[in-house]
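Line order of the protein sequences matches chains A and B. The first sequence begins at 1 in our numbering and counts up one residue at a time. The second sequence begins at 1001 in our numbering and counts up one residue at a time. All C-beta atoms, glycine included, are put in the ideal place defined by N, C-alpha and C. Since we're looking at a predicted model, the values are computed, not measured.
2 protein chains.
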Amino acid sequence: MAEKPHKYLKIIEYIKKGIDYKGFTDSIPSENQLAEKFGVSRMTARRALVELALEGTVDRIPGKGTFVRKHRHYTSGFFTVRPFRKWAEELNAELRTEVLKAEIGQPPHDVALKLDYQGETILLEMLNYLDGIPVRHSKRYLRADYCAGILWEDLANQSVHEILMGKYKLPLTRISQTMTAVGLPAALTDLFQEAAGYPVFFFQRIAFSEKIPINYVEYTMRGDMAFEDTFSPRLYPQDIAPVDQ
Amino acid sequence: MAEKPHKYLKIIEYIKKGIDYKGFTDSIPSENQLAEKFGVSRMTARRALVELALEGTVDRIPGKGTFVRKHRHYTSGFFTVRPFRKWAEELNAELRTEVLKAEIGQPPHDVALKLDYQGETILLEMLNYLDGIPVRHSKRYLRADYCAGILWEDLANQSVHEILMGKYKLPLTRISQTMTAVGLPAALTDLFQEAAGYPVFFFQRIAFSEKIPINYVEYTMRGDMAFEDTFSPRLYPQDIAPVDQ
DNA sequence: CAGTGGTCTAGACCACGTC
DNA sequence: ACGTGGTCTAGACCACTGC
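Listed below in structure tokens is the structure:
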């Protein structure tokens, strides 16, 4: 009846306990040290460390070593935010995008702060419909010095993300965002055709390209548009990857 | 001047093009076939397929093969849902948990359906406070045949998750959940001390242990509790792919 | 320079699904 | 019986950071 758990799992378990019980507070044994300690090949020890890095438990730095992440992500779940177009496809819904504003000018103070930038910005305001129902409103500020030409693009039929990636070679390397639930503000009641106070999601997102904040967006989205996700806390064999392209 | 990109990246590129140009519409060459075609070892071909599976581009099924995913996960972001206790720690807030109900009985019909189970369930109703403010209400049904003893545990000071994992050896292997934004229902106005209609998050979550659904929870959480996340859309310890050109 | 992680090889055994 | 993916071995070379 002897269990025969995989060796790399035993190593992962060992390291996690070492972290929890403060055995390792910063550095973690190297691949070679683990391989010797557990009597396994280096590839197997490596596998354990790679999985821990994928989980976010650990950081690996070539030439230096493997280190405990201070801000562990004890994720007990997550919700993915997909590009609107892909979402519409999954729901088999007809997507329409209306461009309400597309202009250049000085951004409000708070936006300038968030972008850490004093110059002019492109303001894009749009409304997305699914099957004729207004579902998401977005108000977006883009650094004009990077992509002013976006004003001449066909904004109704391509995502801003795609345009930035494709024509302006601005890959989004980091995203920082918050989400709250709020009541629909009075300014948007006409667009959504709902009463003020109707429950909606409110997102604020800053997107970075190579550490430079390029894009600040505020999304307001109907609260009855459910986010659904299924995932397994085991990562290697399958599932999930916060990747875009 | 010869470029020397990694071999597994070439294989990934090959497969992605095969998918885009409809060369592969369903099945993808096996590890052995790829290894031979590219003149690499099986481990290298495998690496390519594993990464594609991690990305969500492909599904791998032991004993069968590797297949193109129809439902590609074009993630443009995500929000993690952390255990409440960890969240409180990050916010440096004092956590208090009040147990409102802890009893055994027949579950409502819709819950029995979601758990795919006809027997008795444990009903746990709790309210979590952060710094004295009621922030999250939970109503949870657990299969009594797996963990009836949980009624005698100290529910106010341990998470249900921890108890299931620790004492009942029920690791949660999968989670399926939805999130919406709704107005606070009248039944909860007293607990939250807010008017009906106050914007809140509403979560419905089913947690599985080894493919058996054992836990159904409904969370209602104040909408002003922001979810924050920062992430970089690159996954495997290897940076940006030198996109086409 | 020795140590680290990143890639790669050419074998091996296993559990599983298909025929 | 055969092919598939999952795990594992005992070597190897490289690029990088530290001293």
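Determine, using beta carbons only, whether residue i and residue j come nearer to each other than 8 Å.
| i | j | result |
| --- | --- | --- |
| residue 1104 of chain B | residue 1146 of chain B | no |
| residue 79 of chain A | residue 224 of chain A | no |
| residue 42 of chain A | residue 32 of chain A | yes |
| residue 138 of chain A | residue 218 of chain A | yes |
| residue 179 of chain A | residue 1227 of chain B | yes |
| residue 1099 of chain B | residue 1144 of chain B | no |
| residue 82 of chain A | residue 95 of chain A | no |
| residue 1102 of chain B | residue 1151 of chain B | yes |
| residue 1141 of chain B | residue 1185 of chain B | no |
| residue 1065 of chain B | residue 1030 of chain B | yes |
| residue 192 of chain A | residue 134 of chain A | yes |
| residue 11 of chain A | residue 67 of chain A | no |
Measuring straight from C-alpha to C-alpha, what distance separates residue i and residue j?
| i | j | result |
| --- | --- | --- |
| residue 1129 of chain B | residue 187 of chain A | 33 Å |
| residue 90 of chain A | residue 1206 of chain B | 22 Å |
| residue 1120 of chain B | residue 117 of chain A | 60 Å |
| residue 1058 of chain B | residue 1009 of chain B | 15 Å |
| residue 18 of chain A | residue 1170 of chain B | 23 Å |
| residue 1148 of chain B | residue 1162 of chain B | 15 Å |
| residue 1154 of chain B | residue 1097 of chain B | 11 Å |
| residue 1115 of chain B | residue 201 of chain A | 29 Å |
| residue 87 of chain A | residue 1174 of chain B | 22 Å |
| residue 167 of chain A | residue 92 of chain A | 28 Å |
| residue 69 of chain A | residue 1111 of chain B | 39 Å |
| residue 52 of chain A | residue 1131 of chain B | 33 Å |
| residue 164 of chain A | residue 158 of chain A | 10 Å |
| residue 34 of chain A | residue 1050 of chain B | 24 Å |
| residue 1040 of chain B | residue 1054 of chain B | 21 Å |
| residue 1127 of chain B | residue 1212 of chain B | 27 Å |
| residue 190 of chain A | residue 160 of chain A | 25 Å |
| residue 122 of chain A | residue 109 of chain A | 14 Å |
| residue 136 of chain A | residue 1216 of chain B | 30 Å |
Which one or two residues does DSSP pair with residue i in a beta bridge?
| i | result |
| --- | --- |
| residue 202 of chain A | A:180 and A:220 |
| residue 174 of chain A | A:208 |
| residue 126 of chain A | A:99 and A:138 |
| residue 1213 of chain B | B:1208 |
| residue 1079 of chain B | A:79 |
| residue 58 of chain A | A:68 |
| residue 1227 of chain B | A:179 |
| residue 105 of chain A | A:121 |
| residue 27 of chain A | A:67 |
| residue 133 of chain A | A:130 |
| residue 1042 of chain B | For residue 1042 of chain B, which the question treats as bridged, DSSP gives no partner whatsoever. |
| residue 143 of chain A | A:121 |
How would you call residue i, buried or exposed, if buried means at least 16 neighbouring beta carbons within 10 angstroms?
| i | result |
| --- | --- |
| residue 183 of chain A | buried |
| residue 1025 of chain B | exposed |
| residue 1177 of chain B | buried |
| residue 1209 of chain B | buried |
| residue 13 of chain A | exposed |
| residue 15 of chain A | buried |
| residue 1036 of chain B | exposed |
| residue 198 of chain A | buried |
| residue 21 of chain A | exposed |
| residue 45 of chain A | buried |
| residue 1124 of chain B | buried |
| residue 1073 of chain B | Low local confidence applies: a pLDDT of 48 at residue 1073 of chain B is under 50, so the model's placement there is unreliable, with the coordinate-based value given in what follows. By the neighbour-count rule (16 or more Cβ atoms within 10 Å), residue 1073 of chain B is buried. |
| residue 113 of chain A | exposed |
| residue 1196 of chain B | exposed |
| residue 1061 of chain B | exposed |
| residue 6 of chain A | exposed |
| residue 1242 of chain B | In this prediction, residue 1242 of chain B has a pLDDT of 24, which is less than 50 and means its spatial position is unreliable; nothing more can be read from the coordinates. |
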